[in-house]
Amino acid sequence: MKRRLLMMMAAIAGLATPSFAYQQGDAVYTFNGKFKIIGENMLTNGDFSDGVNGWTGLTGNAVPTDTFSVVPAGGPDGMNCLQVSMSGGTLGTNLHNSANFRQSVRLTPGNYVFTYKVKALTGGCTSNTRSSGRNDNYQDVFLNNSGKSPYLSTNEADNITSSVAAYVETEAGNWMTVSYNYRVEADEYVNFEFFNLIQYDCFADFGVYPVEQVGDDRLLQDAVNTLEAFVADETNFPGAADYLAGPIEDLKASMENPDLTVDDVNGMVSMILGSDGSALQEYLNTISADVSKYFNYFTFDDCAEKSANKGAADGWTESGGRWGVSAPWSDFTTRHIFADINGGYGLGAGSQYQSAFLPKGKYLYMVQASAYQYYTAAKETYIVDWYNQRSGLKYFINADSIDMADVPTWKSNTYFHVFDVANDGEQTLGFYRAANEAASGNDRNRVSGGGQVRFDNMHIRILGVTDEDVERFFLENNLADAQNSLKTMIDSAKTVIADSRYIWGKDVLQDSINVSQGIYDQYTNAVQEDIDKLNDQMPLMRDAIRDYYAINKEYTQLGDDIAAANKLTGDETRPNGKDELRAAITTADKYYKSLNSQSERDSLQLVKTDSLLNDAVGDFYLANASYQTPGYINLVNDDFTDGTNGWSVDNGTGTAVWKASDVDMPTYKGRAVVFNRGVTATDNKYIVKDVYIKKTGIYEFSATCAVHSSAWSEIGENQTYTYLIAGADSVNVITKGDGSKKQQIGEWARFVVQTEIDDVETSEGLVAPHYLRVGLVKIPKEDGTNQSVNIICFGSPQLIYYGTKEDYEQGISDVEVVDTTFDVYNLNGMKVRSNATSLDGLAKGIYIVDGKKYVVK
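With the working numbering applied, the sequence shown covers 284 to 1140.
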């Protein structure tokens, strides 16, 4: 099939192909389709049968005989041709001294074909760029309002309104036909203008013809090639010869009809190869099952259109970027995916793919593809190279991929392959493009890494099975899933009902187990009714377990807390207050053990008993608080699982509000609250909690924070005016951003602040008797303005009581005099002394040396 398709490409306009002067009724092929000539050639002496009559130089002068010569019978099929005798100058304002000739024709609205033939001595790329240094071998066909050359002209009417020509890859020693089609909307001139030509290159058979577009029989031939490839593969496609013989003959007969319209051809191809009721589809229905419905937007027809680099098609996943969804283009008659980047860049490797749960088997995957590249020069970043094919395109199922060979530039090829899929499960299909490197320099003859690729899906089928087989596969798998889900719930219920820690609701849960077990045993057939019964019962069983947990929640919590308190009485590092703790445990345990399944459930009394026990545990920690055995004070909702409930926050709205989020922070529990706006944000924020305290002494509040402008890559002299507070004491909070100026969270750090409470009623740091305020606060600058800080994150808050100041300081080591030096840090991790041998001279406070705390009194 690929050899036949390659042979068909030889008929494309612009490739080396023998041809003759066109007559009315003849067909002309361009990169946009097939056109029938309906009028005479409008050019004067386009075949050079009258020498160079009708042709001039750039400035209107006669074509010089020392630069060009007319060669009798030197063209194709005995035609005359114009040969370049010398090339002349090539730069700047000397173009009129180069080998140049031109002619123009006035056109009225309508469709036209502009055509000529060229034979190059050495081959190479033509140009239609007039810039100095990139205008050698200039062969342009353009429109303007005067019919005169824009060369050296200041007349606006001479300016080019539209360039029709493309770069042409000429072949050494072979005549080739170059043809362009164009629709003229208003009276204007078409101009053939050639200069800086190469010595000994030849030109012949110029023409401007009125035309009408007709159906392109090349597309019919492609369809024939595809069907014949199916017929040739008797192993995978039995009976194809008999079933597809009629459509093949119809296509071949239609190719002989010169009056087919574009719609006729597109409709015929769709009726024979398409995915909706086509002849091929009807044949495939007899030998395979269509599984396209198990993928989302398989054919892309219903996807939203989007430009390049706007992402994957609906339902698909992409990699590599530059993807979009295109409207119909060339013989892509429906929406399809594409990727594009201009000639100044390289189109990197990328893919689009999606998965569906499907059975193993032989998969027929049938697709369309087209691709082209751009030229590299800076001013030609979107000039298409129609002549050189792009490589590195594939389509795949799972890890098995197939190279797409001979991918056309101006239309699509159809590709199909039978993939062997060995296992049931997630089957992933899609398209892949290899990377094209960006080309550098200003050589317009180089094809760049930029360009465009296009793909569309046509069929995805499992050979040798029926739609009913695939449906049965899904029913069997869905039944197994439903059975497993319900069985898991039943087993969980049986486990929890046997747990002695739960005393209420066992009869109700047992009833649900019995009902669920009965449904599980009864509905065992792979039919939708049985699957629905199992699926309907699963959430009922789950809810019954949840209700069972809920009715026992306070009782099991009390039991767990009694066990934890009993374990705490064995802590030899905390000797104080054990009698009081044991007394509280005895009271709680007596009530706990008095309850059974027949007892009335008193939720209020359970919570009250547990609260008294937890108060006793808290008092026990406080009674033993010291540096070595700190007391941990409960902060309600310290993991922010309930948002900011239990905390006092500022009244920010919209994007300025605190948000509880799962973030990647170096922390040991929970989530963080996050303020994250644009880099210019100056909002002043706070999140604080007033905590009830019972004892005087040292309190330490800590939290993991990220506070910065995301534009900061270093802290330097920057300030955030954000502080971690505990009572009257605070520490400055600042971390590094990532320097991106985007809303990206940079570095995190743990910050610590200590405060001393000398009287729980009247200490300066209390907001009310017994209430200590802790949290994070951003305030205005000294001049009343606000600092730009767009990232403020606060997580893992912790409040610790270390006992009295004396207890705390006794637990901290003195620094021994040592021979080696050491670095000294404060509680916030900031280095305050390097290469020290003692702490002499430091202000009073707590310092860290080699990971241990030391006090300076």
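For every residue, glycine included, the Cβ atom is placed at its ideal position computed from N, Cα and C.
Here the structure is a predicted model, which is why all the values come from computation and not from measurement.
Buried or exposed by the 16-neighbour rule on C-beta atoms within 10 Å, applied to residue i
| i | result |
| --- | --- |
| Tyr915 | exposed |
| Thr444 | exposed |
| Leu887 | exposed |
| Lys431 | buried |
| Thr963 | exposed |
| Leu435 | exposed |
| Leu769 | buried |
| Met1113 | exposed |
| Glu1065 | exposed |
| Ile321 | exposed |
| Arg784 | exposed |
| Thr582 | buried |
| Ser410 | buried |
| Gln735 | buried |
| Lys1025 | exposed |
| Tyr395 | buried |
| Phe640 | exposed |
| Gln651 | buried |
| Lys317 | buried |
| Pro433 | buried |
| Asn835 | buried |
| Asp500 | buried |
| Arg389 | exposed |
| Leu1082 | buried |
| Leu896 | buried |
| Tyr904 | buried |
| Val335 | buried |
Neighbourhood of residue i by C-beta, 6 Å cutoff - its chain only, sequence neighbours within 5 removed
| i | result |
| --- | --- |
| Ser996 | Gly1022 |
| Ser1046 | Ile1040 |
| Lys1136 | Ile1095 and Ile1129 |
| Trp930 | Ile970 and Lys972 |
| Glu1030 | Thr1018 and Lys1019 |
| Asn859 | Ala906 and Asn907 |
| Asp547 | Gly498 |
| Leu1125 | Val1139 |
| Thr856 | Thr912 |
| Tyr1091 | Tyr910, Ile981 and Tyr1085 |
| Arg1056 | Val971, Asp973 and Val1050 |
| Asp470 | Thr391 |
Cutoff 7 Å; reference residue i; Cβ partners in own chain excluding five residues on either side
| i | result |
| --- | --- |
| Cys586 | Tyr580, Ala596, Asp597, Val608 and Arg618 |
| Thr373 | Because the pLDDT of Thr373 is 44, which lies under 50, any placement of that residue in the model is unreliable, and the number read from its coordinates should be weighed accordingly. Within the same chain, Thr373 has close Cβ partners Ser381, Asp419 and Asn479. |
| Val1098 | Below a pLDDT of 50, predicted positions are generally treated as unreliable, and Val1098, at 49, falls in that range; the measurement from the model is reported next regardless. Cβ within range, chain order: Ser1121, Leu1122, Val1132 and Tyr1137. |
| Glu452 | Cys408, Tyr670 and Asn671 |
Distance CB(residue i)-CB(residue j) smaller than 8 Å
| i | j | result |
| --- | --- | --- |
| Gln635 | Trp612 | no |
| Val1043 | Ala1009 | no |
| Val704 | Gly629 | no |
| Thr697 | Asp505 | yes |
| Glu387 | Ser368 | One point to set straight first is that residue 387 is Ser, not Glu, in the sequence displayed. It is not a contact, given that the beta carbons lie outside the stated cut-off. |
| Gly311 | Val424 | Reading the sequence as shown, one finds Val at residue 311 and not Gly. In this structure, Val424 does not lie closer than 8 Å to Val311 by Cβ. |
| Leu889 | Tyr831 | no |
| Ala487 | Gly358 | yes |
| Tyr472 | Asn438 | no |
| Gly937 | Tyr1085 | no |
The ligand NAD heavy atom lying under 7 Å from the CB of residue i
| i | result |
| --- | --- |
| Gly1022 | Absence of the ligand NAD from the depicted structure is noted, as is the absence of any ligand whatsoever, leaving it without description. |
Sequence-distant residues of its chain with Cβ nearer than 8 Å to residue i (five each side left out)
| i | result |
| --- | --- |
| Val1100 | At Val1100 the pLDDT is 47, less than 50, meaning the model places this residue with poor confidence; the figure from the coordinates comes in the next sentence. Once the five neighbours on either side are set aside, the close Cβ partners of Val1100 are Thr1120 and Ser1121. |
| Ile531 | Val507, Leu510, Glu511 and Val514 |
Unbroken stretches of the alpha helix (DSSP H), 4 residues or longer, contained in the region 811-840
811-834
Okay, do the region 734-752 and the region 564-580 touch, 3+ Cβ pairs below 8 Å being the bar?
Output reads yes: the region 564-580 touches the region 734-752.
Which complete beta strand (DSSP E) runs does the region 860-938 hold, if anything under 3 residues is left out?
914-916
Meets three-Cβ-pair contact criterion under 8 Å: the region 326-343 and the region 517-531:
no
If you scan the region 504-549 from start to end, which runs of the alpha helix (DSSP H) of 4 or more residues do you find wholly inside it?
523-538
Counting Cβ pairs closer than 8 Å, one from the region 464-480 and one from the region 688-699, do we hit at least three?
no
Those runs of the beta strand (DSSP E) which lie wholly inside the region 542-617 and span at least 3 residues:
571-573, 600-602 and 606-609
Contained beta strand (DSSP E) runs [length at least 3] in the region 616-695, N- to C-terminal order
619-624, 633-641, 644-658, 676-680 and 683-686
Contact between the region 680-689 and the region 455-468 is defined here as three or more beta-carbon pairs at a separation below 8 Å; is this criterion met?
no
Which runs of the beta strand (DSSP E) at least 3 residues long sit entirely within the region 999-1066? Give them in chain order.
Within the region 999-1066, complete beta strand (DSSP E) segments of at least 3 residues are found at 1005-1009, 1012-1015, 1032-1040, 1049-1051 and 1054-1061, given in chain order.
Can you give, in chain order, each stretch of the beta strand (DSSP E) that sits fully within the region 375-455 and has at least 3 residues?
The beta strand (DSSP E) runs lying completely inside the region 375-455 and spanning 3 residues or more are 384-390, 393-402 and 421-427, given in chain order.
Check whether the region 983-992 touches the region 930-950, taking contact to mean three or more Cβ pairs, one atom from each stretch, closer than 8 Å.
yes
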